[in-house]
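Remarks on the structure that follows.
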Amino acid sequence: MDKNSIKYIDFTTVKEDFNTYKTENGLYLRVKQILTTIRYDPNNKNEKGEYQYEFGTQTVSHVEKHELIDTDSLEIDEPNKVTAEDEIDMLNFEPIKESINIYESDKFFIFLILEVSQIKSTNKKDRTETPIIRFESKVTMKIENKKPK
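In our numbering, the protein residues as written are 55 to 203.
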């Protein structure tokens, strides 16, 4: 894309919510995938004469603990600094709530579906004494064109 000709498309949030997963050690992972931008280059169309859109997304997550968890053996760190080297074990988990986040522009609807496949414990905790966990997820984006009025 030519940075000088990039056009951004406005969109609104129709529905946006967290997925919630409960781990075997009593933690709750709350995670969602959000749409941040929609853009295209008006000077670049495909062979069908259609614009090629780019969709920016971001994963937002946090961990809650609803019961007392022994964290004495864990080292304090920042969640964004924890790496795969800090992982200890796979955690069993169950989905409590799963949502599809929906966004709308004047041209289409965008559906973001996030599915967590793994949650792993680490040897770290945050400043609030909450264990830091890592997770793997897959995001599916579905785009539905609006019908002309």
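Virtual Cβ for every residue (Gly too), placed ideally from N, Cα, C. All figures in this text were calculated on a predicted structure; none of them were measured in a lab.
Secondary structure at residue i, three-state DSSP: helix, strand or coil?
{"i": "residue 118", "result": "strand"}
{"i": "residue 198", "result": "strand"}
{"i": "residue 143", "result": "strand"}
{"i": "residue 133", "result": "helix"}
Determine, using beta carbons only, whether residue i and residue j come nearer to each other than 8 Å.
{"i": "residue 201", "j": "residue 150", "result": "no"}
{"i": "residue 111", "j": "residue 170", "result": "no"}
{"i": "residue 145", "j": "residue 73", "result": "no"}
{"i": "residue 85", "j": "residue 113", "result": "yes"}
{"i": "residue 177", "j": "residue 108", "result": "no"}
{"i": "residue 187", "j": "residue 173", "result": "yes"}
{"i": "residue 159", "j": "residue 64", "result": "yes"}
{"i": "residue 91", "j": "residue 179", "result": "no"}
{"i": "residue 165", "j": "residue 156", "result": "yes"}
Tell me the rounded alpha-carbon separation between residue i and residue j.
{"i": "residue 142", "j": "residue 119", "result": "19 Å"}
{"i": "residue 89", "j": "residue 123", "result": "34 Å"}
{"i": "residue 99", "j": "residue 195", "result": "21 Å"}
{"i": "residue 82", "j": "residue 60", "result": "40 Å"}
{"i": "residue 138", "j": "residue 121", "result": "26 Å"}
{"i": "residue 96", "j": "residue 58", "result": "11 Å"}
{"i": "residue 183", "j": "residue 117", "result": "11 Å"}
{"i": "residue 189", "j": "residue 154", "result": "19 Å"}
{"i": "residue 147", "j": "residue 87", "result": "19 Å"}
{"i": "residue 198", "j": "residue 152", "result": "21 Å"}
{"i": "residue 62", "j": "residue 140", "result": "39 Å"}
{"i": "residue 175", "j": "residue 191", "result": "15 Å"}
Looking at C-beta atoms only, is the number of pairs between the region 130–146 and the region 87–107 that lie closer than 8 Å three or more?
no
Please specify which runs of the beta strand (DSSP E), each continuous and at least 3 residues long, are wholly inside the region 150–178, giving them in chain order.
Whole beta strand (DSSP E) segments, 3+ residues: 154–158.
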